[in-house]
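Per this note's numbering, the very first residue in the sequence shown carries number 6; after that it's consecutive. Even for Gly, the Cβ is constructed at its ideal location relative to N, Cα and C.
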Amino acid sequence: MPKQNEPLVTHIYTADPSAHVFEGKLYIYPSHDLDHEMVSNDNGDQYDMEDYHVLSIESLDGPCVDHGEALHVKDVKWAKQQMWAPDAAYKNNTYYLFFPARDHDGIFRIGVATSSSPSGPFKPEPDYIPGSFSIDPAVFIDKDDRAYMYFGGLWGGQLEKWQTGSFVPDAEGPAPDAPALGPRVAELSDDMLTFKEAPKEISIVDEDGNPILAGDEERRYFEGPWMHTYNGKYYLSYSTGSTHYLVYAVGDSPTGPFVFKGKILTPVLGWTTHHSIVEFQGKWYLFYHDSSLSGGADNKRSVKFTELKYNEDGTIQTLDYDKLKG
Ligand code: FUB
Numbered sequence: 006m007p008k009q010n011e012p013l014v015t016h017i018y019t020a021d022p023s024a025h026v027f028e029g030k031l032y033i034y035p036s037h038d039l040d041h042e043m044v045s046n047d048n049g050d051q052y053d054m055e056d057y058h059v060l061s062i063e064s065l066d067g068p069c070v071d072h073g074e075a076l077h078v079k080d081v082k083w084a085k086q087q088m089w090a091p092d093a094a095y096k097n098n099t100y101y102l103f104f105p106a107r108d109h110d111g112i113f114r115i116g117v118a119t120s121s122s123p124s125g126p127f128k129p130e131p132d133y134i135p136g137s138f139s140i141d142p143a144v145f146i147d148k149d150d151r152a153y154m155y156f157g158g159l160w161g162g163q164l165e166k167w168q169t170g171s172f173v174p175d176a177e178g179p180a181p182d183a184p185a186l187g188p189r190v191a192e193l194s195d196d197m198l199t200f201k202e203a204p205k206e207i208s209i210v211d212e213d214g215n216p217i218l219a220g221d222e223e224r225r226y227f228e229g230p231w232m233h234t235y236n237g238k239y240y241l242s243y244s245t246g247s248t249h250y251l252v253y254a255v256g257d258s259p260t261g262p263f264v265f266k267g268k269i270l271t272p273v274l275g276w277t278t279h280h281s282i283v284e285f286q287g288k289w290y291l292f293y294h295d296s297s298l299s300g301g302a303d304n305k306r307s308v309k310f311t312e313l314k315y316n317e318d319g320t321i322q323t324l325d326y327d328k329l330k331g
């Protein structure tokens with residue numbers, strides 16, 4: 006296994022890691038950041054990725070393998086640009102790659118592509134998932150085999166623009182003293198290619214049951230959801246965006262509500278922070294990214310991992326980025 010807190014690979018820039026154990030190996034599905042100069046803006050135009058590579062780690066002392074290009078935007082009919090944070094799932098003897106991209110009208114949608122191998126190549130469906138919008142899909146398959154997609158991101162991810170249920174190009178987010186927007190969740194159909202139902206908004210509340218407010222930027226949902234279970238509880242983790250934390254909330258069902266619990270990781274080098282959590286060979290790991298390899302360029306990031314520890318009461322021990330060795 007590569008060293009903790011060092012880039013998994015250095016020959017390309019990678020970000021937004023979604024890690025899964027498939028066929029006994031750790032597979033990582035990252036975004037593939039391009040090595041070119043772009044002007045940064047709140048719309049996220051600097052994240053203009055075009056394809057995906059799949060990475061894998063077979064054993065604790067083995068290397069991280071890049072399996073090469075698994076899907077390119079030119080092969081996705083409905084997508085025009087910005088192949089952002091993907092995720093993968095296995096069901097029906099098939100591997101599914103879920104990915105957001107802007108369609109030909111500039112609206113983020115979420116697509117799906119399939120393969121018989123966890124490393125791809127993936128064949129995209131001709132159209133995006135009907136009823137999908139915004140970014141950062143994370144797919145979780147529960148113990149009863151029901152699959153759920155969590156998604157949504159503010160600002161460049163366009164979540165604010167869907168508050169009415171349709172796309173309103175100039176819509177703004179809620180006032181600071183109003184409840185924050187939650188991520189969305191939709192159960193997937195058995196073939197994993199469509200939503201079984203219209204996406205629902207997830208409620209994230211504080212310990213007293215009050216909704217986290219939009220102005221509470223250290224706790225409110227921004228982007229990059231992830232779902233995992235630990236000791237029978239459902240852990241929804243995400244990025245707080247403008248305050249750059251990875252945080253989590255815990256619930257009793259895959260669709261919530263979720264009670265905010267605390268921080269997982271303090272801000273990394275670079276504007277975005279994005280993660281996944283996976284158990285591999287008896288230990289828990291946090292996969293994350295930072296911009297250390299590029300010397301701090303927001304849009305040239307590198308995926309890393311570090312061990313994650315729980316306290317006896319199920320809370321997660323906060324990791325201090327400045328103390329992680331790299
Ligand atoms: O990589 C592009 C975007 O940056 C992702 O979709 C967000 O989660 C953030 O990491």
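Asked, Found
"Alpha-carbon to alpha-carbon, His-249 and Arg-35", "The amino acid at residue 35 is misidentified as Arg; the sequence shows Pro. Distance between the alpha carbons of Pro-35 and His-249 is about 19 Å."
"For Tyr-293, three-class secondary structure by DSSP", "strand"
"Segment contact, 8 Å Cβ cut-off, at least three pairs: the stretch 35-53 with the stretch 82-90", "yes"
"Beta bridge counterpart(s) of Ala-254 as assigned by DSSP", "Leu-241 and Phe-265"
"C-beta contact flag for Ala-75 and His-294 at 8 Å", "no"
"The stretch 206-224 touching the stretch 272-279, judged by at least three CB pairs closer than 8 Å", "no"
"Candidates Arg-107, Ile-146 and Val-190: closest to Gly-261 by CA position", "Val-190"
"Proximity below 8 Å, CB of His-25 to CB of Tyr-32", "yes"
"C-alpha distance - Cys-69 paired with Glu-63, whole-angstrom precision", "8 Å"
"Nearest neighbour of Pro-230, chosen from Val-255, Ala-219 and Gly-237 [CA to CA]", "Val-255"
"Leu-251 versus Asn-316, Thr-169, Pro-204 and Tyr-326, residue with shortest Cα-Cα distance", "Tyr-326"
"Three-state class that DSSP yields for Ser-120 in the structure shown", "strand"
"Sequence-distant residues of its chain with Cβ nearer than 8 Å to Phe-263 (five each side left out)", "Ile-207, Ser-208, Ile-209, Val-210, Tyr-239, Leu-241, Ala-254, Val-255 and Gly-256"
"Backbone secondary structure at Tyr-133 - three-state DSSP", "coil"
"Near the ligand FUB: Gly-49 beta-carbon under 7 Å from a heavy atom", "yes"
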